[in-house]
Amino acid sequence: MQTKLNRETALDILRKYNSEPFHIRHGLTVEGCMEWFAEHLGYGEEKEFWGICGLLHDVDFEQFPEEHCKKAVELLQKENVEPEVIHAVCSHGFGHCSDVKPEHEMEKVLFACDELTGLIWAAAKMRPSKSVSDMELKSLKKKFKDKRFAAGCSREIISEGAGNLNWTLEELMERTIQAMRSCEASVNEKMQNLGLE
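The sequence shown begins at 1 in the UniProt record's numbering and counts up one residue at a time.
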């Protein structure tokens, strides 16, 4: 899968509809994770496509939270984004705020890692290092079990995502930690370059 949309244009689209640094950081983080997964799952040639879908997945959330994954269709069509990207963006909310089912492995990865990146980021902020670089799986599993911690991150969706990929929850967690480690420095640099940190 490929896209004619280049990465800089995708970032411009994200920033057009999102101004909160938290939302921009989340988009950049999921972009980096999706690129890591593309490389590690044998889709290296589609790395940019996977990344752009990750970058834009919450494009409508800041301004239209009640229409999440529905308003995205209108916004992205207006920006001449291909149907394949729109389908991927909408599919990450399947069963919760969208009836668009994740079909391609990329869409299943996006569904699975979106919520989990939020949980990992929240857990990393609690660490002395404020980083995912030294986070261990057992620490994340403990946070996952504590329903009061980062309560907005749905454990149900994370577990469902692992199941959709035929991965164990531990495999999804370990791989997503690795993915976030791989892009953490780059995301921090991008946030600084955008003047958002």
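Just so it is clear, CB atoms sit at the ideal spot from N, CA and C, and this is done for glycine as well.
Item: Alpha carbon of W36 to alpha carbon of K47, nearest angstrom; Value: 8 angstroms
Item: Assumed close pair L119, F94 - CB separation to whole angstroms, cut-off 8 angstroms; Value: At roughly 19 angstroms, the Cβ-Cβ gap does not stay under 8 angstroms, so L119 and F94 are not in contact.
Item: Nearest-angstrom Cβ-Cβ length linking residue 204 and L56, presumed shorter than 8 angstroms; Value: This structure cannot settle anything about residue 204, because the visible part of the chain is limited to 1 through 197.
Item: When P83, S129, R155 and M126 are compared against L5, the one with the closest alpha-carbon; Value: P83
Item: When S129, E62 and E115 are compared against P21, the one with the closest alpha-carbon; Value: E62
Item: Span separating the alpha-carbon of M173 from that of R15; Value: 29 angstroms
Item: Alpha helix (DSSP H) segment containing D60, residue limits; Value: Counting along the chain, D60 falls outside any alpha helix (DSSP H), and DSSP gives it neither H nor E.
Item: Limits of the alpha helix (DSSP H) - the one that N164 falls within; Value: R155 to N164
Item: Burial state of S19, where buried means 16 or more other Cβ atoms lie within 10 Å; Value: exposed
Item: Outcome for T3 when other beta-carbon atoms lying within 10 angstroms are tallied against a minimum of 16; Value: buried
Item: Bridge partner(s) assigned by DSSP for S98; Value: F94
Item: Cβ neighbour criterion (16 or more within 10 Å) applied to S91; Value: buried
Item: Inter-stretch contact at 8 angstroms, needing at least 3 Cβ pairs: the stretch 150-157 / the stretch 60-80; Value: no
Item: Limits of the unbroken alpha helix (DSSP H) element including W167; Value: Looking at the DSSP string, W167 is not in any alpha helix (DSSP H), and its letter there is neither H nor E.
Item: Cβ-based neighbour list, E31, same chain, cut-off 6 angstroms, excluding 5 preceding and 5 following; Value: G51, G54 and L55
Item: Per-residue DSSP class, three states only, for L75; Value: helix
Item: Cα-Cα separation between A179 and L75, rounded to whole angstroms; Value: 28 angstroms
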